[in-house]
Amino acid sequence: MPTTIAAPKKAPVAETDFLPLQGTDYIEFYVGNAKQAAHFYKTAFGFQSLAYAGPETGTKDRASYVLRQNNLTFVLTTPVHPDNPIADHIYKHGDGVKVLALRVEDATEAWEETTKRGGKSYLEPITLCDGDGQLIMSGIHTYGDTVHVFIERENYHGIFMPGFRKWESTYQPKETGLLYVDHCVGNVGWNQMNPWVKFYEEVMGFRNILTFDDKDISTEYSALMSKVMSNGNGFVKFPINEPAEGKKKSQVEEYLEFYHGEGVQHVAIATKDIVATVTELQKRGLEFLQIPSSYYETVLDRVGHIDEDLEPLQRLGILVDRDDEGYLLRRASAKETSKHCLKRWNGSKRQEVTCRNEEEIMPFYQKLGEIPRKHHIWFHRNGAAPTYKNEGIAYEHVFTTEGFNEAYSICYHLRPPTRVRNVELLECKELKKVTNSPLRHHHLKTATIPRRGDLYRGRIPVLFNQDMVAYRSRPAKAYGEFEYYKNGGADEIIFVFKGGGTVETVFGKLRITKGRLKWVHLTVNGISMGQVNSLRSIGRKMLIF
9 MPTTIAAPKK APVAETDFLP LQGTDYIEFY VGNAKQAAHF YKTAFGFQSL
59 AYAGPETGTK DRASYVLRQN NLTFVLTTPV HPDNPIADHI YKHGDGVKVL
109 ALRVEDATEA WEETTKRGGK SYLEPITLCD GDGQLIMSGI HTYGDTVHVF
159 IERENYHGIF MPGFRKWEST YQPKETGLLY VDHCVGNVGW NQMNPWVKFY
209 EEVMGFRNIL TFDDKDISTE YSALMSKVMS NGNGFVKFPI NEPAEGKKKS
259 QVEEYLEFYH GEGVQHVAIA TKDIVATVTE LQKRGLEFLQ IPSSYYETVL
309 DRVGHIDEDL EPLQRLGILV DRDDEGYLLR RASAKETSKH CLKRWNGSKR
359 QEVTCRNEEE IMPFYQKLGE IPRKHHIWFH RNGAAPTYKN EGIAYEHVFT
409 TEGFNEAYSI CYHLRPPTRV RNVELLECKE LKKVTNSPLR HHHLKTATIP
459 RRGDLYRGRI PVLFNQDMVA YRSRPAKAYG EFEYYKNGGA DEIIFVFKGG
509 GTVETVFGKL RITKGRLKWV HLTVNGISMG QVNSLRSIGR KMLIF
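Each residue of the sequence shown is one higher than the one before, starting from 9 at the first, in my numbering.
Okay, here's the thing in C-alpha cells:
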C-alpha cells in the first residue's frame, strides 16, 4: 500500500456542465413497416400525427412518420430499399430504438466536447434549412448500434425539421395521458456496465445517481445489475443494465440473445394519473405483465401509507414503491414487438420508474423510524393530533450530501437544530506516495509523532489508497467546546488508541473509550469530541483513525 503525504492544495472547484441538455428531443425507432407501426401507436397509445418524410418529400432511402403526445415525440422509420444501414439494423435486431435524440443549445459544441473526450463521431455537425429556419444536428455512438443525436432547434420554427412536411390525418384518437420520456434503459453485455458508466461520466458529463447490484434485483433464478446515469440538471436519465449470475438466464441475457447485441431495453414514460392511463390503455387492447395477487397482501407493510385506494391498483396490476421523495406507482406492459423486450411502458404518480420482466423483482425502499404522512406539517412537538389550531410543528432537518437528486433523510427535532455560526475549510492536502522499493521495509513510528493542534487539525495522513486514508493524531488540546466538525466528502471511523472522549451529534452523545470504534456517516451535520490523548481514524475515501 502506498504511504505518505502531500503538499497543501486548494479545495477543488466543481466543473461546469460542459454538455447542458434540455431534455429528450425525440426517439427514433427503425421498424419493418413504419405506417402500420404508426397506426398502432396512435390507436393503442393515443399519439397524434405530426410529420412525414419519404419519397414524396424528396427523401429517397426511407419513410419516416413522426408522432407526438404532449412532450413525447417518436419517429418511426422504414427503409425503402434493402441495401442500406436501416435495413441492416432491422435484419439484425428487428424493430428497435436507433436514435436517442437530445436537445441542446449548441449542437456543434456538443459534438466537439463529447468527441474530444473520447466519444466516437456518428454525425459531424450539419445544418438543415427550409423556409421555417435552420436546424443543426450532430451525433455520437453509444452502446451497441444505438446513437445519441444532438438537436439544436432554437432558430427553427417548422413542424419537426427540414425535409418533413405536416402529416395531415383525419384519424386522431384521444390521448392517453402520456407526458414525456422519464428514462431509457440500455442493456449491455457481461462486465460492460462499468465501462459504459465511465463513458457517460467522462464523455457526456453524467453521474451515477443510483446503483442496484445482483442482491437488489434478483430472484432464485435470475439477476441483473444496474446503474442509473443522469445529466447535470436531471432532465435525462439512462440506466445501464448488465447480466448477473443466476440459475437461469436473466431478462438482460435474453434481450442480448434475441436482440443480437446491446441496445435500448425499454422506454419509461411519465403520466399524471396512472390509474386513468392504464385503464384506457387496457381498453385499447394493450397487454400488461401479470402481477400475482400475493404482491398486494403485504405491499402496505413494505411501503407504508399511500393516499390511493389499493383496490384499483390491484385490479390494474399497478406496482407501488417508496423512495426518498414519496411513493411511486408504476405499470409495465408486455413486449410490443416480435423481438424480446423492446419496449415496456409505465407511468407513475411521481415518476422515477424502472420496468420489470416476469422474473424481475425491484428493490423495496425501507424506512427507519416513523415516516410522516405529510412532510413539513405532520409531526408536532407536543404529540397532539395535527390540526390547524395545534401549534408547535416539529423542526425539520434535511440530511443530504448530493442535493435532492440523490437520497436524503429528514430528521424531526423537538428543539431547533444547531445553527452554523461559521464554516472553514480545514487543511486539505494532495496525497503523494513515497518512492517504494520491494526490498525495503518501512517502519512508521507513529508513537513518536509530536503533539500538535486539536483532534482534527493535528491529524497526519499515514497510509492511503483510492478508497481510504488512514490518519494518526496526538492532539495537544481539546477540540473547541462549541465547535463542530463535518467531513463533507466521506464517512469516518474513529478509533481511540489512548484516552477517551465523547462524540456529540444531533442524535445525542456517543461515549468513546480506549479501544472502541465509532462510525460517523458523512450526512451527520457535525461531531464534537472531548479530550483524547491519541486518536486514529479511518473512513471511506477519507478515513480517520
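Idealized CB from N, CA, C, for every residue including glycine.
If you draw a straight line from the alpha carbon of residue i to that of residue j, how long is it in whole angstroms?
{"i": "Gly507", "j": "Tyr464", "result": "16 Å"}
{"i": "Asn199", "j": "Phe53", "result": "36 Å"}
{"i": "Thr24", "j": "Asn239", "result": "12 Å"}
{"i": "Arg482", "j": "Val205", "result": "42 Å"}
{"i": "Val406", "j": "Gln180", "result": "47 Å"}
{"i": "Asp91", "j": "Asn41", "result": "16 Å"}
{"i": "Asp114", "j": "Gln474", "result": "36 Å"}
{"i": "Arg173", "j": "Leu80", "result": "19 Å"}
{"i": "Asp138", "j": "Met169", "result": "9 Å"}
{"i": "Gly152", "j": "Gly126", "result": "16 Å"}
{"i": "Ala109", "j": "Ile457", "result": "59 Å"}
{"i": "Leu471", "j": "Pro93", "result": "55 Å"}
{"i": "Lys453", "j": "Arg480", "result": "11 Å"}
{"i": "Val244", "j": "Thr32", "result": "7 Å"}
{"i": "Thr279", "j": "Leu327", "result": "14 Å"}
{"i": "Ile554", "j": "Tyr420", "result": "This structure gives no information on residue 554, because the portion of the chain shown stretches from 9 to 553."}
{"i": "Tyr208", "j": "Val504", "result": "42 Å"}
{"i": "Ile102", "j": "Thr306", "result": "Strictly speaking, residue 102 in this sequence is Gly, with Ile absent from that position. The alpha-carbon atoms of Gly102 and Thr306 are separated by roughly 40 Å."}
{"i": "His97", "j": "Phe266", "result": "14 Å"}
{"i": "Ile167", "j": "Thr122", "result": "29 Å"}
{"i": "Glu438", "j": "Met145", "result": "42 Å"}
{"i": "Ile520", "j": "Leu218", "result": "34 Å"}
{"i": "Leu143", "j": "Glu316", "result": "45 Å"}
{"i": "His268", "j": "Lys257", "result": "15 Å"}
{"i": "Thr150", "j": "Leu136", "result": "24 Å"}
{"i": "Leu321", "j": "Pro247", "result": "26 Å"}
{"i": "Ile277", "j": "Phe296", "result": "15 Å"}
{"i": "Val155", "j": "Tyr34", "result": "12 Å"}
{"i": "Tyr60", "j": "Phe387", "result": "56 Å"}
{"i": "Arg364", "j": "His449", "result": "Model confidence at Arg364 stands at a pLDDT of 33, short of 50, so the residue's coordinates are unreliable; what they give is reported in the following sentence. Near 54 Å, if we compare the C-alpha coordinates of His449 and Arg364."}
{"i": "Thr51", "j": "Gly271", "result": "26 Å"}
Could you name the residues that DSSP lists as bridge partners for residue i?
{"i": "Gly197", "result": "Answer by DSSP bridge pairing: none, since Gly197 is not bridged."}
{"i": "Arg70", "result": "Pro87"}
{"i": "Leu136", "result": "Leu143"}
{"i": "Ile148", "result": "Ser129, His156"}
{"i": "Glu36", "result": "Val83, Val107"}
{"i": "Arg215", "result": "Ser238"}
{"i": "His191", "result": "Ala276"}
{"i": "Tyr164", "result": "Gly141"}
{"i": "Val112", "result": "Leu29"}
{"i": "Gln77", "result": "Leu80"}
{"i": "Tyr60", "result": "Tyr73, Arg173"}
{"i": "Arg323", "result": "DSSP, once it has assigned bridges, lists no residue as partnering Arg323."}
{"i": "His388", "result": "Ile401"}
{"i": "Leu232", "result": "Pro251"}
{"i": "Leu439", "result": "According to DSSP, which records beta bridges pairwise, Leu439 is partnered with nothing at all."}
{"i": "Leu308", "result": "DSSP, once it has assigned bridges, lists no residue as partnering Leu308."}
{"i": "Phe186", "result": "For the record, residue 186 in the displayed sequence is Leu; it is not Phe. Note: Leu186 sits in a beta bridge opposite Thr279."}
Grab me the residues of residue i's own chain with a C-beta within less than 8 Å of its C-beta, minus the 5 sequence neighbours each way, in chain order.
{"i": "Pro63", "result": "Ala71, Val88"}
{"i": "Val112", "result": "Leu27, Pro28, Leu29, Gln30, Ala118, Phe158, Ile159, Glu160"}
{"i": "Asn249", "result": "Val193, Gly194, Asn195, Val196, Met201, Leu232, Met233, Ser234, Val260, Gln273"}
{"i": "Glu210", "result": "Arg125, Gly126"}
{"i": "Tyr49", "result": "Phe55, Leu75, Phe82, Leu84"}
Here's a check: name, in chain order, each residue in its chain whose Cβ is nearer than 6 Å to the Cβ of residue i, leaving out the five neighbours to either side.
{"i": "Asn78", "result": "Leu187"}
{"i": "Glu228", "result": "Its pLDDT being 45, under 50, Glu228 is placed unreliably in this model, and the value from its coordinates should be taken loosely. Excluding sequence neighbours, Glu228 sits near nothing in its chain."}
{"i": "Glu183", "result": "Gly54, Gln77"}
{"i": "Ile299", "result": "Gly325"}
{"i": "Glu288", "result": "Thr184"}
{"i": "Ser57", "result": "Trp175, Ser177"}
{"i": "Arg467", "result": "Tyr479, Ser481"}
Contact check, residue i vs residue j under 8 Å by CB: the rounded distance?
{"i": "Gly171", "j": "Thr65", "result": "6 Å"}
{"i": "Gly104", "j": "Tyr130", "result": "The pair is not a contact, with the Cβ atoms about 16 Å apart (cut-off 8 Å)."}
{"i": "Tyr38", "j": "Thr85", "result": "6 Å"}
{"i": "Val275", "j": "Val189", "result": "6 Å"}
{"i": "Tyr73", "j": "Ala46", "result": "4 Å"}
{"i": "Leu318", "j": "Tyr304", "result": "6 Å"}
I'd like the list of long-range same chain contacts for residue i, defined as Cβ closer than 7 Å, with 5 residues on each side in sequence excluded.
{"i": "His165", "result": "Asp140, Gly141"}
{"i": "Asp281", "result": "Gly185"}
{"i": "Ser302", "result": "none"}
{"i": "Gly461", "result": "Pro483, Ala484"}
{"i": "Lys522", "result": "Val504, Lys506, Gly507, Gly508"}
Note down, one range per segment and in chain order, each alpha helix (DSSP H) of at least 4 residues found wholly within the stretch 246-286.
-> DSSP runs (the alpha helix (DSSP H)) wholly in the stretch 246-286: 259-267.
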